[in-house]
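Okay, structure first, notes after.
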Amino acid sequence: MSSPAKEDLPKVPTDFKNELEKFDAGKMKHTETKEKNPLPSKEDVIQEKQRHELFTGVSTFNKAKLKRTNTLEKIVLPTKEVLTQEKIYDRKQQVLQSVTGFDRSKLKKTKTVEKNFLPTKEVIEQEKGSKAILQGIETFDPSKLKPTETQEKNPLPTKEVIDQEKSGAA
């Protein structure tokens, strides 16, 4: 395909052409251009290569290299502690449900009788006697005590008693 001839190109209107010739580029403000479509960084390129290699490795993998294996499923039974905890939890749930679901209409009506027992004469006399003893202890005057001397008596064993103990021990 060849370039179009000059006559085939579109014509620019003359008034638009005149405006372009009169235009002063010095009146324009300076602006910084910002690149909106930056190239990927080195780390992005490396990450994309690794991802591509992984996908090609998976898609071209030879399934014939795989070996047949048997999977053993191990059943882990709960320990005694776990079982006892579950039993306790279940029992608590049963008790809680029986308490919350209790039918109050099955209860019988009762009347509470408050009894106020008065103490007998003997109990009153006994308390008066103990109060008198306590008052006597509280008002006791130790300056009224007489001085005394204590004699310690610790008799030593005789020689015969010592000999008897020796012969009994041997």
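With full-length UniProt numbering, letter number 59 in the sequence shown gets 59, and the count goes up by one each step, no holes. For every residue, glycine included, the Cβ atom is placed at its ideal position computed from N, Cα and C. If you're wondering where the values come from, they're calculated on a predicted model, not measured in any experiment.
Check, Outcome
"For Lys153 and Glu160, the rounded distance between their alpha carbons", "20 Å"
"Between the CA atoms of Phe117 and Lys131 - distance to the nearest angstrom", "22 Å"
"Gln47 versus Ser59 - alpha carbon distance", "18 Å"
"Whole-angstrom distance between Pro155 and Ile162, CA atom to CA atom", "13 Å"
"Rounded C-alpha distance that separates Ser2 from Leu20", "29 Å"
"Span separating the alpha-carbon of Asn70 from that of Leu83", "32 Å"
"Reduced DSSP category for Phe16 - H, G, I as helix; E, B as strand; rest coil", "helix"
"Between the CA atoms of Gly57 and Lys11 - distance to the nearest angstrom", "59 Å"
"Inter-residue spacing [alpha-carbon to alpha-carbon] between Thr112 and Phe102", "22 Å"
"Nearest-angstrom Cα separation, counted from Gly136 out to Gln126", "15 Å"
"Straight-line gap, Glu165 to Thr148 (C-alpha atoms, nearest Å)", "38 Å"
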